[in-house]
Amino acid sequence: FNPNISALSGYAQPLIAYRGDSHYGGGFAHLAEVWRKTRRPHLYAGDFDAKGVTLALDSGATHLLLPDMAWLSQYATPLHQPAGQLPYQRRLRQLHVSLPPQHPLRPYLTLLEKQRGLKQQWFEGELVAVGVG
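If you use our numbering, the sequence shown corresponds to residues 11 to 143, in order.
What follows is the structure, encoded as structure tokens:
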């Protein structure tokens, strides 16, 4: 991960934390909780799948760091959105219908509804900060 990407140029000291897996992710929830109280930006960099986006929302992230929609539409795959993630889809659908039509997160949620995702280690190209609120 390169912190000098243009998606971060407009932020002064945002939190960008890798949540990690069950072995490395133990402190993430506490860090996100404390950071939320500062009211400063929290950009979530993680898998683009139903579970990953739900984890970002639960953590209080203000933005998702994702490939731009054109690139992601081309490379997102059903292989990275397993059936075990279906329980997370309901909440994301509810969020989708509640967002204004031009909200930048809507096309990403549409892609997830098509059962397509992408693990973060496969991200390439320019990342963008997609607001979640």
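All C-beta atoms in this analysis are idealised placements derived from N, C-alpha and C, irrespective of residue type, glycine included. It should be emphasised that the depicted structure is a prediction, and the values quoted were computed from it without experimental measurement.
Check whether the stretch 119 to 134 and the stretch 38 to 52 touch, using three or more Cβ-Cβ pairs below 8 Å as the test.
Segments in contact, no.
Since Gly62 is in the alpha helix (DSSP H), which residue starts that stretch and which ends it?
Run containing Gly62: Ala60 to Ser69, per the alpha helix (DSSP H) assignment.
Roughly how far, in whole angstroms, is the beta-carbon of Gln95 from the beta-carbon of Lys61, given that I think they are within contact range, below 8 Å?
5 Å
If you draw a straight line from the C-alpha of Lys124 to the C-alpha of Ala86, how long is it?
10 Å
Going by CA-CA distance only, name the one from Ala39, Val107 and Ser108 that's closest to Leu65.
Per the Cα distances, Ala39.
Please list the terminal residues of the continuous alpha helix (DSSP H) segment that includes Tyr21.
No alpha helix (DSSP H) holds Tyr21; DSSP gives it neither H nor E.
Have a look at Gln91 and Pro97 and give me their C-alpha separation to the nearest angstrom.
12 Å
Do Val63 and Leu89 have their beta-carbon atoms positioned less than 8 Å apart in this structure?
no
DSSP three-state call for His40: helix, strand or coil?
helix
Contact defined as beta carbons within less than 8 Å: I believe Leu75 pairs with Ala17. What is the distance between those atoms, to the nearest angstrom?
6 Å
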